[in-house]
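Position 222, counted from 1, in the sequence shown is what my numbering calls 233; the numbers after and before it change by one each time, with no gaps.
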Amino acid sequence: MERILVYALTENIGGVEEYVLNLIRYKQSENIYGYVVLGESTPYQDEIEKLGCKCFFLPKKRQLINSIIKTRKLFKSLRREYDCIYFNTSALGYIIPYLYAIKYNYKIVLHSHSDARKTAGIIKKIVHRVNYSIIKNKVSVKLACSSPAANWMFGNQYENVQIIPNAIDLHRFRYDTQKRSEIRKQLNIDKSTIVLGNIGRLTKVKNQEFLLELVKEFKQQKKSVRLVLVGDGKDYEKLHRIVEQNDLIDYVTFWGRTERPEEVMNGLDCIVMPSLAEGFPISLIEAQAAGLPCVVSDCITEEVNVSGCIQFLSLNASIQEWYNAIIQLAKMDRKDNIQLLDDNGYEVQKLEKLVSSII
């Protein structure tokens, strides 16, 4: 029976956090999991402990000396309990945990969750490549959420990388007309209003400022619209200020973070994701399970378009082009994509068994 230490949860609710929690929510193997949390807390702690697993907390890397000392101490002490460390990351900017994993002879699994080739600066790219060159011969299993994410993490030669679907509980996201009425009533909007959604951290890479430009276009065109931003993050104050300065308060709702995104999705007409970089967004699989059309930036891998209801646009395209695409797609009837997604490996019940068979 293998004991696996999953690195890392954070204080956020996000796609990677949901992915690693699904390993124990839908567990089918005999593996035992523990979770390393970067920070002082995680909103998932109660759930993790109820499922019979443990959380181990480490200082964030900006507390460098303390982080190094505590990481060494934790990894050394846990080696008696755990055989493997399963790293889930977007870049190798901070190599200390990997070095201690090597020092204490853990089996190392490295899972790439993002493609930062277009957004990472030259220094970040150099550090990433150098760090990978240091640890690559010690990585036993290489995983990625998409081909672009594999390319970013492991380089052009990634034939030994296993692509793992960002699976979800598909039936949880099935469209519910009653819930739609409830959400739209909660938002105080009528049937004619087009409701756009964006689910993710409020941060530069997610490019929510672009969404506010889109809302301004809807307002100029005198088209009734509501943008619902689901999530929180360091750009909240900045985005709120832009909303106030442009008199968009009646057009934008800051929903905040939620552990029930499926409820919000029932009330939406279209997901819009103008991200600057992504790996393989779980929220787009969730949106397709909910039957929602999506308009997204072309930096997102086309592998995510399982149902055919996602339209890709360049961020260099005009606001008018994005507006026209949204107007067209928002008219679409909801599709039931559950079986299609299941057939393509996105049912979460199969996830942990697949990962266990590889690790």
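For every residue, glycine included, the Cβ atom is placed at its ideal position computed from N, Cα and C. Note that the coordinates shown come from a computational prediction; the quantities given were computed from them, not determined experimentally.
The continuous stretches of beta strand (DSSP E) do not include residue 184, and DSSP gives it neither H nor E. Residue 54 is positioned such that its CB atom lies closer than 7 Å to that of residue 24.
Shown here, residue 312 sits in coil according to DSSP, grouped into three states, outside any helix or strand. Between residue 164 and residue 155 a beta carbon distance of about 6 Å is seen, short of the 8 Å cut, so the two are scored as contacting.
Looking at the DSSP output, residue 265 sits in a beta bridge with 240. Using a Cβ distance threshold of 7 Å, residue 338 and residue 280 do not count as a contacting pair. For the pair residue 112 and residue 90, the Cα-to-Cα distance works out to about 9 Å.
In this structure the segment 274-291 touches the segment 207-214; the number of beta carbon pairs closer than 8 Å is three or more. If the five residues before and after residue 48 are omitted, its C-beta is found closer than 6 Å to the C-beta atoms of 20, 66, 68, all from its own chain and listed in chain order. The alpha-carbon of residue 229 is positioned some 12 Å away from that of residue 336. For residue 219, the uninterrupted alpha helix (DSSP H) run begins and ends at 219-231, by DSSP. Ranking 92, 110, 294 by CA distance to the CA of residue 181 puts 294 first.
Proximity to residue 100 across 108, 94, 93 peaks at 108, based on C-alpha coordinates. In the three-state reduction of the DSSP assignment, residue 120 falls in the strand class. Relative to residue 104, the option among 88, 239, 144, 86 whose CA is nearest is 144.
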